[in-house]
Structure formats: C-alpha cells, structure tokens
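Residue numbers (the numbering used here): 60 to 819. As structure tokens, the structure follows; a few thoughts come after it.
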Amino acid sequence: MSAPFISGTTAIFEKAKTGGRSNAAERSDPVERKNAVIVGRRAFLQTGAALGGGLLVSMYVPLAAKAGNALAAAEKNEFAVNAFVHIGSDDIVTVIAAHSEMGQGIYTSLPMLLNEELEANWAKVRVEAAPVDAVYNHPVYGMQMTGGSTTSPSEWVRYRKMGALARTMLVQAAAQRWNVAASECTVEKGVVFHDASHRRASYGSLAEAASKLTAPADVPLKGAKDFTLIGKPTLRLDTPSKVNGTAEFGLDVHLPGMLTAVVARPPVFGGKVVKVDASETLKISGVKAVEQVPSGVAVIAEGFWPAKLGRDKLNVEWDLGANANLSSEQMFREFAETAMKPGLVARKVGDAAAALGSAAKTLTAEYDVPYLAHCMMEPLNCVVDLRADSCEIWTGTQFQTGDCAAAAKTAGLPFNKVQIHTTLLGGGFGRRANPASDFVVEAVEVAKVAKAPVKVVWTREDDLKGGWYRPMWHDRFVAGIDAGGNPVAWTHTIVGQSIFEGTGFASFGIKDGIDAASVEGAADILYGIPNLQVDLHTPKIGVPVQWWRSVGHSHTGFSVEAFLDEVAFAGGKDPYELRRTLLAGQPRMLATLELAAQKANWGSKLPAGVGRGIATHFSFDSYVAQVVEASVGKDGAVRVHRVVCALDCGLVINPDTVVAQMEGGIIFGLTAALKSEITLKDGRVEQSNFYDYPMLRIYESPVIEVHIVRSAASPTGVGEPGVPPVAPALANAIFAATGKRVRRLPIRASDLVGDAGAKS
C-alpha cells in the first residue's frame, strides 16, 4: 500500500555500526553451517541458472540483430543503442525492463539504474516491457522471470552498465561527428558538449550513429559518491498512466474478433469431468461454444458476462477423485501427531537433546498457520492468439521463460514461435510465477478449441477455490533455558508440504529430502543459540502449493519470533534485550533491531490496554526489525495502532519504493495475521470471495513508520522482507497487552476473550 493511504509514514536513513562484515559472515558461524542442508540464497541463485540452460554469456547484445524488435524500433523512429535502451530522434529514452511490474516499482528503479550512467534527461525517460528473449534472462537465474525480491539486486550492475555503454557510444558518435577526442566531451541531461568548440548535440540526434558503433568491451561505473539519481526519492514512471487509465493490464487487452472464456473446474483438486450437459448454456445469447479442456469445461462467448452466465447453467458430473475427503481440521491433527516424531534434520548445532536434559527449565509450544491464497486485486487472465505456425500471448506474468516453454509444448510449436507480451500485473505475490504455468497452459488449450483469439478470465471465486496456495504449516518447539534465563537449547520440528517437489526447481531446491523453502527462516536463524536442531516432515497432500510473498519465511517468521518471545518471558528477560544478546555476532541485524526499538521508544509507557511487541527476521538478504503496538477489545477484536519498521537492505535505489514495499508487506502480513485462511472440508475450499476471505481495510490500517539503515552494501531484497516480522510482533504485542499467547493464525477473537488462549 502506498504512502497516501497510511498515516504517519516516514522514511528515515540511519547510520548502522556494522563493523563492515559481509552478509555471509554475519548469518552464522560457517563451521556451524557446514551441517545445514538448507540451500543458501546465493547458492540458490547460482544453481538456478540450470533451469534456463546457463548464465547470460554477454551483457551486450545489439538489438539490431533481433529483427522483430529492430523493426518495431524503426517504426517509432527509435534507435537501439543496446538491447536495454532505445533513444528516439525526439530525445525520448525508452528503457526496456527485463522484469515484470506488479506494483513493486521496478519500472522506475531499473530506469534509475540505467540513467544514473546514461545521464539522459530524466523527464524524457520512459519504460517498456521486454519481449521474451535470452538477452533479458535474469543475470543469475538464467531465465526471464521476476521473483524472490531479486530484481534490483540482480540488475544492480547490468542496468548501470547498459547505461554506461550507451553513454560511451553516444559520446563517441559526437566525437566522430566533430572530429575531436571523446575524452574532450562531457554529457549533461541527454546532451553531449564539446566546450572547446562550443558545440553540443542531443542524444536523439546522435542515436542513429551511435547504434551503428561497436560497443566497448567494458566501461567503468560511477562510485556511490558520484550518484546523482540513485538514492534520491523519485516519483514512479508508471503512476501517470495508472491515473489516467492508459496503463494496460491483462484484463485491458482486446483483439479484433476476440472471444472470452471462463472455465468450470473441478470442485475438488484432481477431479475429472465425467459428463457435461450444456443444453441450457447454449441457449444464452452470446455463448458460442462449450468445449472440454484438460482443466475442465470452457464456456466460450462474445464477452465475459455471457460466458459467466453460461458456466452457471452448465450441468457437469464430476469424478471427485482421491482428494474428496480432504479436511483442514484433520490435516492439522495429523500434522501435530507427525511433529511428535523426529524428521529429517535440516540443521544441527551442538547437542540440543543433551542440553535440554540439563536445562534449568524447558518450554514447549506448537504453532499453526493455514493455507493462504495470493488474492491479487486483478484476477488471473490470459489472451491467446493461436495460429497454425505461431502463438501470441498477452498476460501479466512473472515467469516469461517458463510460460513460453509451456505454451509452446501445449501448442505443439517451437519455443521461438511463441511470443509473450507482458502487461502490467495487478498484483502477483508469486501466483503469476506458477511452476506449472497453469493459467497460460489452460488459455492455450482453450484457444485450440476456440478457433479464434480468446481471453480466458478467472473470477475471484475461481482463484480462491481452485488456485495454488501457500502451504499450511505446523511448528513444534522445545527450548531449554539455563539458570540465568538464557536459551541453551532449541529444537524446531516443521510439518508442511514441499513447494519445490514435482517442479523443475526440485533438483536444487530439495537436498537430502529437505525442501529449502520449507525450512528457510528456521534453519538459518541468526540468533546465537549454542545447541540447535531443526528437522522437517514433508507430507504429500493433493492441494497445489507454490510460493507466496516471502515463501517459507511467511510461516517461520511467525513461529520462530513468537516462540522466542515465550522463551524470553519464561527466562525473565525483556524480549528486546534477549534479542540483543543473541544477536551479538550479527552486527547488521543488531543495528536494525536497535534502530527499531529506539524509534518505537521501547520500554516507554503506553496507554492502558495497549501492548508492544517486537520481532526481527532475515530474509532475501535483508535485515528487518518491527515493533507493533496493539490492543484487544472486550470482544476479542484486535486493533493495531502503530508499526515501526527498521530495515537494512543495502544501498537504496529509490527510498520511496523501499517505503512503499515495507508498507505493502506490513499490510499484507497483517491481513494474513488477522483475517485470511483457506480451509478445506470434504475436499472443497470453503472460501470464495472477499466476504469470507477479507482484506485489511484502510480504516483498520495502523500508522506505519519506516526507517532505513544507511548502508554501502550492494542492494538486497525489499519486496518480501517486510512480511515475516509483522505477525509475530503483533502476537507478542497481544501477549504484552493481555497475557494471552497467539499460536495460530489468523488470530481469532474467541482465543482472546475471557480465559481463552494459551498463557506463558
């Protein structure tokens, strides 16, 4: 959520005393980590390239070699100085974004990176989505995609280098025109100057000549002290089009002769069509056809409404299959029973069992979180124009390479005969990076039977009842506390589905049976606990699951930080002071924690009935600490008054984006903590729309303050790290206010009324 909707928002840079240690050194002792099987973030990035057939070999690819793009540029009187920047004769600079814009602000941050070195007139900078092409592959993943809070970190060098290459070639073109040395020329706001001869030339007048030059092998980049754009609050380039209605989302796409389809999908995951009676559907004006496709039954019509009405009239007999008896209540009971047994060890430090046996006090607690839907504001949709020798697709996707490959296979076409136009995404949160490319494959299947361009639209009910979810989880902890109140042992057993299993990511996402996404945030916690063991159970359940904003951290952040608060209370420690002690070897997180506590006035008196809770979490290479102030009414209703967030995300490109992402992550996390759950009964998802899967409303939103630690480290993720700490900080604030522990989400009023709720 952006700043205008949250009162009291501030972005303040603070200097951190980190001692200059690297991220890797700060996370944990490398000797301790040698027994951990969790896949580290950098290892994941390095091995991820295997999915796309290798790393990007060359940063520079002349766009002139790509006929379709070169032709499009020529038609607009633009010249491609390299694959990432076009410059028009009118001096308009178009930056080609290799990643999808879903509200996170990369349509501004990427141009900022490029223009820091290009030094064009910022007022003339525009941005466009890249076509699907290997040159736009993620620099480390080796495929074209957006996710994992990696866009800015991964493009930190490449986009600046593209700008520097373009600037160098433009200057060289001017120098050749004037027959002077390039070293005698300077640039400012898109103009090349030769002071000695008082000559000047705009980038637009030089672009054609520059595009014909050979790019230098390498160019030096500015140091941070010379930045003029990076680090400055900058208005977003995509805001005007979203305000005036010209921005194109997937739902806005319309082609001549296009039909619209909705699909009736099985009410139970894995179900199949037995028989279809479409007689009533075909009577509805505008319905053109009813066709069976692998995912269900497609109603194809001249618009969304007749397609939707037609689907309502379908009479489908389903074979519900093996998942017809799935029940959330039963699964939670089974998860709790499973957690009593040892699982596969994800991390082992010291001897936790022995330390528990000699501890002065032991503490046990169990935590539960439900399945969660992504619930983007723009429901899924995909337009496909399928022809005998080509397939053209318009959709909001986070996973261009995977979707293109899946569409090609479905259509029976070579990869290079499929073209994806990436529109703006009305939210993604991982759902539009589906490992099976489900909504794209389905749209291609519908296009095969529609015999015309077709837009397949998912309703809100379709996505909530038949989407892919964040897994449900059960976490069981046992801690040993010494006579001084300090934790000396910590065991954490996790039960939940694997996200990587059955996908192309499994070969490196799963090691020795352990899904890295299941244990992240638990097997790599930063706290210096001398004896620690984390183990995992991975049940196989027929509910489709995938990444959800902050992935595994979304559940481990809650359970780890809420339980640590219990440990602090059991040991007679202030929860902030205990964290300070346990983070003595983690200077960046310690500085972030101290900043959050300072800005929240930790320890100061609060109004009667208001509690204050604190939590930290390290994810996506960023350090975040949050303090929540909340109260609980007599009816058990929770009111969140204030959230103070401090983060160290390295060098900041656009402070406005960082603040917006922290605010959005906090609102996203609070929504999950207070309101959201997907439950199953008799194999069916019980929720269907916002009335029973509600969002946090503006009037319920707290005052949010964001404080950014000033850092010279390379940028790290900001899209997801704001989510994990807010639920535990809220749970800890509720305990401070009421003495009642929250160990399951979403928080229920019934758990907080009277004598209900677990107490420490």
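Ideal placement from N, C-alpha and C gives every residue a C-beta, glycine not left out. Values in this document were obtained by computation on a predicted structure and should not be read as measured data.
Out of Pro-325, His-533, Met-204 and Ile-569, the CA that lies nearest to the CA of Ala-398 is found in His-533.
When DSSP assignments are scanned along the segment 309–342, the uninterrupted stretches of beta strand (DSSP E) that are 3 or more residues long and fall wholly within it turn out to be 318–323 and 331–336. A straight-line Cα-Cα distance of about 7 Å links Pro-530 and Pro-429. For Thr-456, the closest of Ala-142, Ala-157 and Ser-735 by C-alpha to C-alpha distance is Ala-157. Rounded to the nearest whole angstrom, the C-alpha separation of Lys-271 and Val-604 is 49 Å.
In terms of Cα proximity to Leu-706, the closest of Val-251, Cys-244 and Val-782 is Val-782. With a contact defined as Cβ atoms closer than 8 Å, Ala-659 and Val-513 miss out at about 53 Å. Counting C-beta atoms within 10 angstroms of its own C-beta, Pro-299 has fewer than 16 neighbours from the protein chains shown and is therefore classed as exposed. In this structure, Asn-590 and Val-404 do not form a Cβ contact; the two beta carbons are roughly 13 Å apart against a cut-off of 8 Å. In the three-state DSSP reduction, Asp-707 falls in the strand class (E or B). Sequence-distant partners of Arg-698 (beyond 5 residues in either direction) whose C-beta falls short of 6 Å from its own C-beta, in its chain, are Ser-690. With a cutoff of 8 Å on beta-carbon distance, Val-358 and Val-346 are scored as near each other.
Excluding five sequence positions before and after Ala-786, the CB atoms of its chain that fall closer than 6 Å to its own CB belong to Phe-617, Gly-728 and Ala-732, given in chain order. For Ala-360 against Gly-369, the beta-carbon gap comes to about 6 Å, under 8 Å, which counts as contact. In terms of Cα proximity to Leu-623, the closest of Ala-643, Thr-651, Ile-584 and Gln-645 is Ile-584. Contact between Thr-460 and Ala-188 fails: their C-beta atoms lie close to 14 Å from each other, not under 8 Å. Close CB contacts of Gly-147 within its chain, under the 8 Å cut and outside five residues either way in sequence, are with Lys-135, Asn-136, Glu-137, Phe-138, Thr-153, Gly-263 and Ala-266 (chain order). Annotation for Ala-506: the continuous alpha helix (DSSP H) segment containing it runs 497–509. When Cβ pairs closer than 8 Å are counted between the two stretches, the segment 673–689 is seen not to touch the segment 740–754, the count staying below three. For the pair Ala-413 and Lys-420, the Cα-to-Cα distance works out to about 13 Å. Asn-713 is positioned such that its CB atom lies closer than 8 Å to that of Ser-168.
For Glu-636, the enclosing alpha helix (DSSP H) begins and ends at 634–641. Taking 8 Å as the upper bound for CB-CB distance, Val-717 and Ile-763 are not in contact here, some 13 Å apart. Annotation for Lys-658: no beta strand (DSSP E) segment contains it, though the alpha helix (DSSP H) segment containing it runs 646–658. A residue is called buried once 16 or more other Cβ atoms fall within 10 Å of its Cβ, and Asn-475, having fewer, is exposed. The residue from Tyr-528, Glu-653, Pro-190 and Ala-269 with its alpha-carbon nearest to that of Phe-488 is Tyr-528. Bounds of the alpha helix (DSSP H) holding Gly-222 are 217–237.
It is roughly 8 Å from the alpha-carbon of Glu-504 to the alpha-carbon of Pro-353. In this structure, Pro-780 is the residue among Val-246, Val-801, Pro-780 and Asp-810 with its C-alpha nearest to the C-alpha of Gly-724. In the three-state reduction of the DSSP assignment, Thr-469 falls in the helix class, which pools H, G and I.
Each residue's CA atom was taken as its position, placing Ala-233 and Leu-280 some 21 Å apart.
The continuous beta strand (DSSP E) containing Tyr-426 extends over residues 420–428. For the pair Ala-502 and Ala-795, the Cα-to-Cα distance works out to about 51 Å. With distances taken between CA atoms, Ser-809 lies nearest to Lys-693 out of Ile-757, Glu-736 and Lys-693.
The count of Cβ pairs closer than 8 Å, one atom from the segment 624–632 and one from the segment 562–569, stays below three, leaving the stretches out of contact. Shown here, Ile-725 sits in a helix according to DSSP, grouped into three states.
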